[in-house]
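S.K.: Below you will find the structure I want to go over with you.
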Amino acid sequence: MLKNNKEVFEILYEAISEGILIVDENQTIIAVNSSTEDMFGYERGELNSKPLETLIPTNYHKGHGHHFNSFYKHSEKRSMGKGKALFAARKDGSTFPVEVGLNPFNVSDKKYVMALVIDITERKNYTDKLENTVDERTKQLREALETEKELNDLKTKFLSLVSHEFKTPLTGILTSSMLLSKYKLTEQQDKRDKHINTINSKVQYLNNILNDFLSVEKLETGKVNYKFVEFRLSKVVNEVIYNANMLLKEGQKIKYPDNIDDISLIQDEKTIELALSNLVHNAIKYSPENTTIELKVKQDKNNTTFDIIDQGIGIPENDQKNIFNRYFRAENALLNQGTGIGLNIAKTHLENLGGTISFKSKENSGSTFTITIPNKAH
Ligand code: ADP
């Protein structure tokens, strides 16, 4: 049985996990409970008669004296360390964050202050971690928002391009298919072939635009997965040339190597095909009738180089620096259909694969685009 309040108080004073310390007007410690001694790393009784500053980190000493005096004069209860971090010093000099409640009281006309000290290291670690997590998440959200905005812009652009770029070829397809149905006689096969070719090439063109847009979206959202397999270059070149043949203008010819059977690459086949198609299609599109487009291939120990050479309209010197920027189209190209996306995508992909793309061009005489790619992806 507890006998009286005093006994209850004594038990509480020693059992409580918070540090309790009492200082007088000279900031001298006159009593501490054992939790305070444990918290600050002192032996029993070692803190008695020591100045309060013993428990305060040296760099806070100057400010503290002033604060204590003003607090002591006004003598109101106060708690500290809840907002701005407050630090205390252990005997070994290490510091730790605390929350402190200050309670002034009087005994026989003498004023004292009782401080209740809580070690908040764990709480602070937790809060710091939480703040870091919140910062990190905010950053991720901001980036996601940025990507989302770019994709939105892209979609808006896509819609306006679709309505603009798709109209002409679709009208062409419609006209050709209407005319096709008029040629019913067997001997009119060449007329039918002409319209079938037109339809094929226009569908190909539309398909290319769609592929370009899908590529941009994949690149923007980081969804590109390159697959590195060994393949024969002749397979890709034949595929590119086969598709390009459908786009040739009257009298245009493509010259390409037929001795590349023993050249193989360990690379992303689809990407190489996409880049080559893009350059060959541009060479056709930006060259007049009756010209030759040439594809050259070279392989050395480490790299394979492709040159795509045309005798077309060329790129004006002023526009050359912007040619790889997305949506950029040179001033002399505006009469041809196009989106200004293809070269930008090709460059991004090729650089992702450790390759490069460059060109030399002279207005009204022709362009040479050069791709270099490592024989083996790293
Ligand atoms: P698009 O051809 O759809 O406009 P690209 O990104 O493939 O888009 O090309 C960007 C621009 O580069 C073209 O608009 C054109 O001005 C220029 N260009 C590309 N290839 C050639 C070429 N072989 N000859 C002349 N200009 C070219």
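With numbering that gives the first Met the number 0, the residue at position 101 of the sequence shown is 100, and numbering never jumps.
Beta carbons: idealized from backbone N, C-alpha and C, even for Gly.
Quick one, are the C-beta atoms of Asn277 and Pro373 less than 9 Å apart?
M.R.: Cβ distance not < 9 Å, so Asn277 and Pro373 don't count as in contact.
S.K.: Let's test the definition: count the other Cβ atoms within 10 Å of the Cβ of Ile172 and tell me whether it reaches 16, buried, or not, exposed.
M.R.: Buried, since its Cβ has 16 or more Cβ neighbours within 10 Å.
S.K.: What distance in whole Å lies between the Cβ atoms of Lys297 and Thr304, which are believed to be in contact at a cut-off of 8 Å?
M.R.: Confirmed, Cβ separation roughly 5 Å.
S.K.: Find out if the Cβ-Cβ distance for the pair Val334, Asn281 is shorter than 9 Å.
M.R.: Looking at the sequence provided, one finds Leu at residue 334 rather than Val. It is not a contact, given that the beta carbons lie outside the stated cut-off.
S.K.: Label Ser93 either buried or exposed according to how many other C-beta atoms from any shown protein chain fall within 10 Å of its C-beta, with 16 as the threshold for buried.
M.R.: Exposed, by the Cβ-count rule.
S.K.: Tell me, which residues are paired with Glu98 by DSSP?
M.R.: Bridge partners of Glu98: Ile117.
S.K.: Relative to the C-alpha of Lys359, which candidate in Ala332, Ile322, Gly337 has its C-alpha closest?
M.R.: Lys359 has its Cα closest to that of Ile322, out of Ala332, Ile322, Gly337.
S.K.: Taking C-beta to C-beta, are Leu409 and Leu232 nearer than 9 Å?
M.R.: Here the chain covers residues 0 to 377 and nothing more, so residue 409 does not appear.
S.K.: Note down the Cα distance separating Lys138 from Thr126, rounded to an integer number of angstroms.
M.R.: Their Cα atoms are separated by approximately 18 Å.
S.K.: Please report the residue range of the beta strand (DSSP E) in which Phe358 lies.
M.R.: First-last of the beta strand (DSSP E) with Phe358: 355 to 361.
S.K.: Could you tell me the distance, in whole angstroms, from the CA atom of Thr270 to the CA atom of Val228?
M.R.: Taking the straight line from one Cα to the other gives about 12 Å.
S.K.: In whole angstroms, give me the CA-to-CA distance for Leu349 and Lys375.
M.R.: Cα to Cα, Leu349 sits roughly 13 Å from Lys375.
S.K.: Closest to Asn207 by CA distance: which of Asp91, Lys166, Ile340 is it?
M.R.: Comparing Cα positions, the closest option is Ile340.
S.K.: Can you give me the C-alpha to C-alpha distance between Ser357 and Ile370, rounded to a whole angstrom?
M.R.: Their Cα atoms are separated by approximately 7 Å.
S.K.: Beta-carbon within less than 6 Å of Val99's beta-carbon, same chain only, minus the 5 sequence neighbours each way: which residues are those?
M.R.: Within the same chain, Val99 has close Cβ partners Met79, Gly80, Ala114, Val116.
S.K.: Which two residues bound the contiguous alpha helix (DSSP H) that contains Pro168?
M.R.: Here the alpha helix (DSSP H) through Pro168 covers 166 to 179.
S.K.: To the nearest angstrom, report how far apart Leu205 and Lys128 are at their CA atoms.
M.R.: Roughly 52 Å separates the two Cα atoms.
S.K.: Quick check: does the Cβ of Ala332 come within less than 8 Å of any heavy atom belonging to ligand 1?
M.R.: Result yes, Cβ under 8 Å from ligand 1.
S.K.: Can you tell which of Ser175, Ser200, Val202, Lys201 has its C-alpha closest to the C-alpha of Arg191?
M.R.: For the residues Ser175, Ser200, Val202, Lys201, the minimum Cα distance to Arg191 belongs to Ser175.
S.K.: Under 8 Å: does the beta carbon of Asn224 sit that close to some heavy atom of ligand 1?
M.R.: It does not: the Cβ of Asn224 is nowhere closer than 8 Å to a heavy atom of ligand 1.
S.K.: Is there contact here, the stretch 144 to 155 with the stretch 41 to 55, by at least three beta-carbon pairs under 8 Å?
M.R.: Flag = no, the stretch 144 to 155 and the stretch 41 to 55 do not touch.
S.K.: For Leu209, does the count of other Cβ atoms within 10 angstroms reach 16, so buried, or fall short, so exposed?
M.R.: Leu209 comes out exposed.
S.K.: Measuring from the CB of Thr304, is there a heavy atom of ligand 1 at a distance below 8 Å?
M.R.: No.
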